[in-house]
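Here it is, written out as structure tokens:
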């Protein structure tokens, strides 16, 4: 948003950037081969819901499309609200490519309906020695690692290691102050 | 809002022109401007925080607050501000800091107790919009020459006696009157601007949270209005006359001087946004 807009007090949420969402697909191969983290069959999209019947319609359409898509790919899904009132579309499928396709579909539908501004993040879960998450921030259009440790601590040294090794494979957010944790994810 | 800002700019330029044609030394004005701006711009955030008794909290102390704010920031692509808490039962929240990088968003323990998570999120989004809109800078610039006019009005009567010749004597009277007019007019314009900024922050909160109604219910709770919890049948009857809520609206003249719009105006504006989201 421009300087002038802010001085005049106009607020617009930035549009979602989905171009690099697919990058996880090739990165997953490296994650498995050189780091020993394999896809854990879980992924999700986090959406900021809106008070609007058009939004509700978009949500219903996503659900319809998911039902169709499931028949082809065998993906399971659930839609739920977390404790901060954000809506999650959580997908389970042992086939990683199907997860990526369906996550892409969900974000695409929301954007086509004009709710790209409400897309917060897409999250993929991986498992190696411990569980790690790759969070895609739709507003930045980049990924960052999130490794929860005991309690509400995060294993930042492991996150930095993941960044260093994966930097060439996928678009990783350079500004580490934007690596917001997401606690209480339903996946 | 643009009109108010334009009027203020015209008024201030006129005031500066008068000051420069008078016997006030230019160097003095520039020095005064510089020092005042510097102080206000760099130290007012710390002064506000300490005068309110606000304490910066870490993520592990207030995980929920951090989670609410960080998600809002992530969704709106804003840098994360510092978060502070004031220990008082008064429900309130404020934002300060000279720019987005040095911003602090503060809430009182009273507001956290009174509001649920969605309402608190709406209030935080309102404060984040103040940060995003650079309201601190806008209001500092807007009030600066007004404060200068005020100082002149208060001090000129004591300084005027010093000179004996008639010319500078009448100059002082003109300067006094000009300062007085600038002070009064700018005061009203600044208050108008402040109310516009509040509306803009409410709007920003509605858009950032996607739910204008959360801010409506937060505003109602903070201002002491409550949706009744008592069953209608228990309230019905002769006693019900005692439960009439007092009208909150002030006269339109008083509205001219207040920094915030009235509760009704804010709620009406938010309901309009709700309609826009629907359309």
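Chains as they are written, first to last, in my numbering: chain A, 1229 to 1415; chain B, 188 to 466.
Using N, Cα and C, we set each Cβ at its ideal position, and we do this for glycine too.
Beta-carbon gap between residue i and residue j smaller than 8 Å
{"i": "residue 293 of chain B", "j": "residue 402 of chain B", "result": "no"}
{"i": "residue 376 of chain B", "j": "residue 200 of chain B", "result": "no"}
{"i": "residue 271 of chain B", "j": "residue 291 of chain B", "result": "yes"}
{"i": "residue 282 of chain B", "j": "residue 314 of chain B", "result": "yes"}
{"i": "residue 1398 of chain A", "j": "residue 1251 of chain A", "result": "yes"}
{"i": "residue 343 of chain B", "j": "residue 399 of chain B", "result": "no"}
{"i": "residue 1314 of chain A", "j": "residue 1348 of chain A", "result": "yes"}
{"i": "residue 1265 of chain A", "j": "residue 1354 of chain A", "result": "yes"}
{"i": "residue 380 of chain B", "j": "residue 202 of chain B", "result": "no"}
Neighbour-count burial assignment, residue i, 16 or more Cβ in a 10 Å radius
{"i": "residue 1272 of chain A", "result": "buried"}
{"i": "residue 276 of chain B", "result": "exposed"}
{"i": "residue 459 of chain B", "result": "exposed"}
{"i": "residue 1343 of chain A", "result": "buried"}
{"i": "residue 436 of chain B", "result": "Because residue 436 of chain B carries a pLDDT of 41, less than 50, the predicted location of this residue cannot be relied on, and the following value inherits that uncertainty. Result: exposed."}
{"i": "residue 1231 of chain A", "result": "exposed"}
{"i": "residue 476 of chain B", "result": "The question about residue 476 of chain B has no answer, for chain B in this structure spans 188 to 466."}
{"i": "residue 254 of chain B", "result": "buried"}
{"i": "residue 319 of chain B", "result": "buried"}
{"i": "residue 1322 of chain A", "result": "exposed"}
{"i": "residue 443 of chain B", "result": "exposed"}
{"i": "residue 288 of chain B", "result": "exposed"}
{"i": "residue 1381 of chain A", "result": "exposed"}
{"i": "residue 489 of chain B", "result": "There is simply no residue 489 of chain B to check, as chain B begins at 188 and stops at 466 in what is shown."}
{"i": "residue 1317 of chain A", "result": "buried"}
{"i": "residue 273 of chain B", "result": "buried"}
Coarse secondary structure for residue i, derived from DSSP in three states
{"i": "residue 283 of chain B", "result": "strand"}
{"i": "residue 202 of chain B", "result": "helix"}
{"i": "residue 425 of chain B", "result": "Its pLDDT being 38, under 50, residue 425 of chain B is placed unreliably by the model, and the measurement read from it follows with that caveat. Residue 425 of chain B falls in the helix class under three-state DSSP."}
{"i": "residue 1273 of chain A", "result": "strand"}
{"i": "residue 1268 of chain A", "result": "strand"}
{"i": "residue 432 of chain B", "result": "Caution is warranted here: a pLDDT of 37 is assigned to residue 432 of chain B, below 50, making its placement in the model unreliable, and no coordinate value can be reported."}
{"i": "residue 208 of chain B", "result": "helix"}
{"i": "residue 1304 of chain A", "result": "strand"}
{"i": "residue 1373 of chain A", "result": "strand"}
{"i": "residue 1295 of chain A", "result": "helix"}
{"i": "residue 1215 of chain A", "result": "Nothing can be reported for residue 1215 of chain A: it is not among the residues displayed for chain A, which extend from 1229 to 1415."}
{"i": "residue 382 of chain B", "result": "helix"}
{"i": "residue 229 of chain B", "result": "helix"}
{"i": "residue 223 of chain B", "result": "helix"}
{"i": "residue 400 of chain B", "result": "helix"}
{"i": "residue 370 of chain B", "result": "helix"}
{"i": "residue 319 of chain B", "result": "helix"}
{"i": "residue 1354 of chain A", "result": "strand"}
Within-8 Å CB hit, residue i to chain B
{"i": "residue 1277 of chain A", "result": "yes"}
{"i": "residue 1235 of chain A", "result": "yes"}
{"i": "residue 1411 of chain A", "result": "yes"}
{"i": "residue 1341 of chain A", "result": "no"}
{"i": "residue 1368 of chain A", "result": "yes"}
{"i": "residue 1239 of chain A", "result": "yes"}
{"i": "residue 1287 of chain A", "result": "no"}
{"i": "residue 1332 of chain A", "result": "no"}
{"i": "residue 1242 of chain A", "result": "yes"}
{"i": "residue 1313 of chain A", "result": "yes"}
{"i": "residue 1365 of chain A", "result": "yes"}
{"i": "residue 1336 of chain A", "result": "no"}
Beta carbon proximity, residue i to chain A, threshold 8 Å
{"i": "residue 221 of chain B", "result": "no"}
{"i": "residue 190 of chain B", "result": "no"}
{"i": "residue 400 of chain B", "result": "yes"}
{"i": "residue 228 of chain B", "result": "no"}
{"i": "residue 452 of chain B", "result": "no"}
{"i": "residue 437 of chain B", "result": "For residue 437 of chain B, the predicted structure reports a pLDDT of 44, less than 50, and the residue's modelled location is therefore unreliable. The matter cannot be settled from this model."}
{"i": "residue 264 of chain B", "result": "yes"}
{"i": "residue 290 of chain B", "result": "no"}
{"i": "residue 267 of chain B", "result": "yes"}
{"i": "residue 250 of chain B", "result": "yes"}
{"i": "residue 394 of chain B", "result": "yes"}
{"i": "residue 255 of chain B", "result": "yes"}
{"i": "residue 271 of chain B", "result": "no"}
{"i": "residue 404 of chain B", "result": "no"}
{"i": "residue 321 of chain B", "result": "yes"}
{"i": "residue 332 of chain B", "result": "no"}
{"i": "residue 408 of chain B", "result": "no"}
{"i": "residue 455 of chain B", "result": "no"}
Residue i: CB within 7 Å of a non-hydrogen atom of the ligand NAD
{"i": "residue 1400 of chain A", "result": "This structure simply doesn't include the ligand NAD, nor any ligand for that matter."}
Would the region 324 to 334 of chain B and the region 214 to 233 of chain B be scored as touching if the rule is three or more Cβ pairs under 8 Å?
Segments in contact, yes.
Can at least three beta-carbon pairs, one atom from the region 251 to 264 of chain B and one from the region 1362 to 1370 of chain A, be found at a separation below 8 Å?
Enough Cβ pairs lie closer than 8 Å, so yes.
Sufficient close CB pairs (3 or more, under 8 Å) joining the region 1386 to 1396 of chain A to the region 1292 to 1299 of chain A
Judged by Cβ distances under 8 Å, the region 1386 to 1396 of chain A makes no contact with the region 1292 to 1299 of chain A, as fewer than three pairs qualify.
Mind the definition here: the region 235 to 250 of chain B touches the region 354 to 369 of chain B only if three or more C-beta pairs lie below 8 Å; say whether that holds.
Flag = no, the region 235 to 250 of chain B and the region 354 to 369 of chain B do not touch.
Count the C-beta pairs between the region 1302 to 1314 of chain A and the region 1259 to 1269 of chain A that are closer than 8 Å, then say yes if the count reaches three, no if not.
A contact between stretches requires three or more CB pairs, one per stretch, nearer than 8 Å, and the region 1302 to 1314 of chain A fails this requirement with the region 1259 to 1269 of chain A.
Counting beta carbon pairs with one atom in the region 1271 to 1290 of chain A and one in the region 374 to 392 of chain B, are three or more of them shorter than 8 Å?
Contact between the region 374 to 392 of chain B and the region 1271 to 1290 of chain A is not established, with fewer than three Cβ pairs separated by less than 8 Å.
Given 8 Å as the limit, is there contact between the region 1229 to 1248 of chain A and the region 1332 to 1346 of chain A, that is, 3 or more CB pairs closer than that?
In short, these stretches touch, since the Cβ pair count reaches three.
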